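Residue numbers (my numbering): 1 to 350.
From the three backbone atoms N, C-alpha and C, an ideal C-beta is built for every residue, glycine too.
It should be emphasised that the depicted structure is a prediction, and the values quoted were computed from it without experimental measurement.
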């Protein structure tokens with residue numbers, strides 16, 4: 001059941017393919033989603049970027065129809081979806097993070113079963129299954145039970161099954177978990193091909209910067225809140241200059257030492273410390289001279305990544321959740337150190 005939205009005026013911009021306003025959810029006293037807003041355009045690849053505990057899985061479950069939101073609304077092509085609406089699920093393919101294939105059925109039978117659940121005619125289902133198996137590099141294993149396929153093959157088969165009924169919206173939860181580099185590229189090539197050929201809209205959750213780079217736009221999700229929405233390039237550009245990465249033990253303590261001795265803003269990250277700074281190469285000799293030999297395993301200079309942008313916006317490390325020494329709330333002091341004070345996540349967002 002849907003509530004019709006306003007009819008667009010002739011020549012007016014089309015409503016977003018998928019939109020949410022004020023989505024919230026809590027497990028007991030623990031608020032997991034807190035007023036999540038987003039718009040996804042038709043034909044767009046849109047990602048939610050965040051570490052474990054950011055609220056991605058709960059948001060995914062709500063969009064997949066597995067959980068009702070405690071508050072807020074979801075709209076599909078401008079029409080508000082009721083709490084038990086099947087409108088989105090009927091037009092959506094879903095790739096769950098956990099395996100959901102039938103291990104006893106063959107690869108091809110899994111696709112045909114997926115097609116039958118959406119009432120795809122048998123001839124169309126067979127044609128689509130064969131094409132998707134070929135695209136996934138699984139044509140030669142089509143008759144093998146899914147349980148005998150490697151983890152990477154099963155993941156590619158999950159994606160193929162989500163596409164077999166030609167959905168308008170593809171929802172993916174950490175879609176390339178467990179894939180090697182070649183399988184990662186093949187999976188993304190198929191998503192892009194589906195978008196080019198029939199205007200597929202894809203919405204995904206991920207903690208991987210390399211996967212997030214494939215998105216047209218990203219929502220940065222931290223502690224159940226969207227703190228920024230922009231293109232990957234614009235998010236990276238929010239970190240000016242270079243990033244000096246110090247690989248060493250004791251990241252939080254070392255960040256404080258570097259800040260105190262060199263007067264720079266240093267942040268603890270997994271495996272060491274990161275310093276965002278213009279002309280980063282000029283900081284390297286100062287670092288080496290300020291600390292005893294052997295204190296660092298390595299010092300490197302690189303351009304900012306989405307992981308650096310996420311750290312700047314939230315005070316969190318994408319790979320490991322909150323960096324050592326980080327507070328929990330968004331407005332608590334983050335894992336940074338600068339002379340005489342700690343930078344808060346709110347300050348980092350400015």
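- DSSP lists 106 as the bridge partner or partners of residue 145.
- Per DSSP, residue 87 is not a residue of any beta strand (DSSP E); the alpha helix (DSSP H) it occupies stretches across 87–90.
- In this structure, the beta-carbon distance from residue 304 to residue 276 falls below 8 Å.
- Residue state for residue 208 is assigned as coil, using DSSP reduced to three classes.
- Distances from the CA of residue 178 to each of 51, 98, 196 and 316 were compared; the closest alpha carbon is that of 98.
- Pairing residue 218 with residue 187 gives a Cβ-Cβ distance that is not under 8 Å.
- For residue 228, the enclosing beta strand (DSSP E) stretches over residues 225–230.
- In the DSSP assignment, residue 308 falls within the alpha helix (DSSP H) that extends over 306–314.
- Between residue 157 and residue 136, the C-beta spacing is below 8 Å.
- Contact check for residue 245 and residue 302: beta-carbon distance about 7 Å, within the 8 Å limit, so the pair qualifies.
- Between the alpha carbons of residue 141 and residue 65 lies a distance of about 32 Å.
- Distance from the CA atom of residue 92 to the CA atom of residue 287, rounded to whole angstroms, is 52 Å.
- Going by C-alpha positions, residue 131 is about 18 Å away from residue 145.
- If you check the CB distance, residue 231 and residue 42 do not come in under 8 Å.
- For residue 217, the uninterrupted beta strand (DSSP E) run begins and ends at 217–222, by DSSP.
- Contact check for residue 133 and residue 139: beta-carbon distance about 5 Å, within the 8 Å limit, so the pair qualifies.
- Leaving aside the five residues that flank residue 261 on each side, the residues in its chain whose CB is nearer than 7 Å to its CB run, in chain order, 290.
- Shortest Cα-Cα distance from residue 26 to any of 242, 248, 269 and 224 involves 224.
- Note on geometry: alpha-carbon atoms of residue 184 and residue 176 lie some 6 Å from one another.
- The C-beta distance from residue 164 to residue 129 rounds to 6 Å, short enough to fall under 8 Å.
- Note that the C-beta distance between residue 241 and residue 198 is not below 8 Å.
- Straight-line measurement puts the Cα of residue 108 at about 36 Å from the Cα of residue 78.
- The residues 106, in chain order, have a CB closer than 6 Å to that of residue 143 in the same chain once the five nearest residues on each side in sequence are set aside.
- Residue 94 is positioned such that its CB atom lies closer than 8 Å to that of residue 162.
- Assignment of residue 22 by DSSP, reduced to helix, strand and coil, places it in the strand class.
- As the crow flies, the alpha-carbon of residue 53 is around 11 Å from that of residue 31.
- With 16 or more other CB atoms across the displayed protein chains lying within 10 angstroms of its CB, residue 190 is buried.
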